[in-house]
Amino acid sequence: MSVSLYIEVLIQGVLSGLVYGLMALGLSVIFGVVRVVNFAHGEFAVLAMYCAFVLFGLAGVDPIIASLPLAVAFFILGYAMQRGMVQPFVTRPQHEQFILLVGVALVITNGLLLAFGPESKHVDLPYSFDSYTVGGALIDKVRVYGAAAALAVTAALFAFFRFTSTGTAIRASADNLTGAAVVGLDVKRLYAISFGLGLACVGAAGSIMMALTDMTPMLAPSLTLLAFTIVIVGGLGSMTGALAGGLLIGVAEAVASLVVSPAIKSMVSFGLLVLVLALRPQGLFGKAES
Amino acid sequence: MSGALSFLTPRSTIVLIVCGVALLVAPFVVDRYTLSIILLSLLGAYLGQAWNILMGYCGLLSLGHALYLGLGAYASAVLFVNFGVGPWLSVFIAMALAIGAAAILGWLGFRFRIEGVYFSLLTIAFAEIVRIGFDNWSFVGGAAGFFLPVNASLSDQWWNLRGGPFFFYYLALAMAVASLVIAAMLRSSKLGYAFLAIREDPQAARALGVNLNRTRFLALFISAAMTAVGGVYLAFWTNNLFPAQILETSKSIEIILAPIIGGLGTLMGPFVGAFLLVPLGSALTDGLRAIGLSAPGVKALVYGLILMAIIASTPNGLWPWIARKLGLGAREQ
């Protein structure tokens, strides 16, 4: 195996990692603020993939461009879901929240299965097979575009949390819920916005992924696990951690499928998960809880 | 035993006896198809009971019980086909394997204080690692599956778990009853009270002298070993094993549905849940087939909706409510 092959795989890993990172970022934002673990995260990603697929089929919209309207649509969906369904569960035991979202996951996966069938779907973009040549390494054009879009959405989210008053208020209520309520922040609204933002991330990421891979409803649980693995490796609730975790897992999977075998790649990320849980349960970027 | 049954009121004793007799005579009354639905309900109740010991009693949410089911099934099937070891012996090996896997999981989880959601995720990750391993392990057939021989010369060898529908029905009934007895005995034992104490408040339990890790390990071992026995049954009943079915996360979810819907931490919950869900699922499939639709996702979709509705409205499940309405099971809350 030549060096350029390794460079190629490494770059592909980073590019996929950015999209993974965006998806995981959504999970991390929801957990960091609302303290609810979205067990249906991968299912929402697959829902977004199907939306992108339908948009492409009906109007020929490039899934990477569709990521923007889908982010908005998923924000609304998340906002409504938090308001209408998840909010009463915020103060209930963790396993009840988990079970609620397991139910949501079952409904989404099987709803999609009913509507679209189990066959795998993909979109053919005019530039699907184009690539850039960087020092002997071939880099897929579509992956570059996808990663750029993911990076843009991620940057927008970071800017929102950093520079807007709503973003600051959300960070405040994540840090100190009682304090936030005392100074008069509408915590329920902030929670709904956070859940919306979390789903916006997964909506955009799912849409981008539609341009990169084939998809079936059965993909959903493994995407949920992928998102969990990333945020736990990076640190549940940490935004930088989710991104770093995404890159790490993206590269680790790409390298593993080259060195060992493609089938074994998700084993590598689970191995990493177990290792991190054992050695540093709060994740690479997480803060240790008391 | 008498201590374990002390929760029974006269009224619930009568109901229990009536249900027991109904289940005993069922094979002579109902047709084959209905019998298979009752069998699946019993199996669901059995597996639910095993899972309930861990979650309902000890408060540890496992979302990876397919691991123990799959290990038990594969161990007994491979030992039978490749080494000629019969199921009555290999069931112990299956249990030992499941306990071994549970020991590694528990060591990681308890030793490093991985709790709550993290523990649940660890259970999923563990089950997934093993599933992917089996998917790629050619010795056990990989993703293409592993098959037990089905031929006439082996039929009615009950000592090799070979028999007709009646045989498997009564075996499932015996397992379900045994799981109920085990759970009931646990509930009234010192160990069972230690489980409940840990579920309610681990720190307080420790202050009272409960050894947290040892107790959690025991709950995990009992649950894993019982689930592995269910796996042995499944292997010999269905005669085919696929990692994508028996080791899949969706299998783990299927296991937990009955006890959650029936009532977490209750003795009858897994029975109520299983006897509600399994017939409902097949009625749905049949109903759709009758109007000419074959929709594989409908069953799980409806399960998902029921799960959401139950957890939103009565998080303690249906059994406590039924018991109250009928004036049964005074000591079960």
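Residue numbers (the numbering used here), protein chains in the order written: chain G, 21 to 310; chain B, 3 to 335.
Ideal Cβ placement from N, Cα and C applies to all residues, glycine included.
None of these values were measured; they are calculated from a predicted model.
- In summary, the residues of the segment 216-241 of chain G whose CB is separated from some CB of chain B by less than 7 Å are PRO241, in the order they occur in the chain.
- Residue pairing by DSSP places ASP160/G opposite SER151/G in a beta bridge.
- Residue pairing for LYS141/G: DSSP places it in a beta bridge opposite MET235/G.
- Think of a sphere of 9 Å around the beta carbon of ALA302/B: the chain G residues whose beta carbon falls inside it are LEU126, VAL127, THR129, ASN130 and LEU133, in chain order.
- The residue from GLY166/G, LEU25/G and LYS208/G with its alpha-carbon nearest to that of GLY104/G is LYS208/G.
- With 16 or more neighbouring CB atoms inside 10 Å of its own CB, TRP321/B falls in the buried class.
- When secondary structure is reduced to three states using DSSP, LEU278/G falls in the helix class.
- In this model, LEU259/B and GLY275/B are separated by some 7 Å (Cα to Cα).
- If you draw a straight line from the Cα of SER289/G to the Cα of VAL212/B, it is about 36 Å long.
- By the C-beta criterion, the segment 49-66 of chain G is judged not to be in contact with the segment 199-207 of chain G, since fewer than 3 inter-stretch pairs fall below 8 Å.
- In this structure, GLY261/G sits near SER48/G, with a CB-CB distance shorter than 8 Å.
- Non-local beta-carbon contacts of ALA247/G in its own chain, meaning distances under 7 Å to residues more than five positions away in sequence, involve MET43, ALA44, LEU47, HIS61 and GLY62 in chain order.
- Using a Cβ-Cβ cut-off of 7 Å, VAL122/G is close to ILE255 and LEU309 of chain B, given in chain order.
- Per DSSP, the continuous alpha helix (DSSP H) segment holding ARG291/B begins and ends at 271-292.
- Contact check for LEU239/G against GLY303/G fails: the beta carbons are separated by 8 Å or more.
- Taking a 10 Å sphere around the C-beta of GLU256/B, we find 16 or more other C-beta atoms and assign the residue as buried.
- Using a Cβ-Cβ distance cut-off of 8 Å, the segment 281-297 of chain B and the segment 207-227 of chain B are not in contact, since fewer than three pairs of beta carbons, one from each stretch, lie closer than that value.
- Judged by DSSP in its simplified three-state form, PHE149/B adopts strand.
- Taking every protein chain shown into account, the CB of PRO29/B has 16 or more other CB atoms within 10 angstroms, so this residue is buried.
- Unbroken alpha helix (DSSP H) stretches of 4 residues or longer found wholly inside the segment 71-133 of chain G: 83-101, given in chain order.
- Using a Cβ-Cβ cut-off of 8 Å, GLU116/G counts as an interface residue toward chain B, since at least one Cβ of chain B sits closer than that to its own.
- Following the DSSP letters along the chain, one finds PRO317/B in no alpha helix (DSSP H), marked with neither H nor E.
- The residue from ALA100/G, GLN32/G and GLY80/G with its alpha-carbon nearest to that of ALA220/G is ALA100/G.
- For GLY211/B, no alpha helix (DSSP H) run applies, since DSSP gives it neither H nor E.
- Look at PHE73/G: its C-beta is not under 8 Å from any C-beta on chain B.
- Chain-ordered listing is empty here: chain B has no CB closer than 8 Å to the CB of PHE76/G, the nearest sitting near 23 Å.
- Per the DSSP secondary-structure output, ASN242/B pairs in a beta bridge with PHE149/B.
- A direct Cα-to-Cα measurement between ARG189/B and LEU266/B gives close to 13 Å.
- Measuring C-alpha to C-alpha distances from LEU299/G to each of LEU290/B, ALA209/B and PHE112/B identifies PHE112/B as the nearest.
- In the assembly as shown, ASN58/G is a buried residue. Its beta-carbon has 16 or more other beta-carbons within 10 Å.
- Residues of the segment 117-138 of chain B with a C-beta less than 8 Å from any C-beta of chain G: GLY118, VAL119, TYR120, SER122, LEU123, LEU124, ILE126, ALA127, PHE128, GLU130, ILE131, ILE134, GLY135, ASP137 and ASN138, listed in chain order.
- Under the 10 Å beta carbon count, PHE148/B is surrounded by 16 or more other beta carbons and is classified as buried.
- Contact between TYR305/B and LEU126/G holds: CB atoms are separated by about 6 Å, below the 8 Å threshold.
- Fewer than three Cβ pairs drawn from the segment 59-68 of chain B and the segment 286-300 of chain B lie within less than 8 Å of each other, which leaves the two stretches out of contact.
- For PHE290/G, the neighbours in chain B by C-beta distance under 7 Å run, in chain order, ALA127, GLU130 and ILE131.
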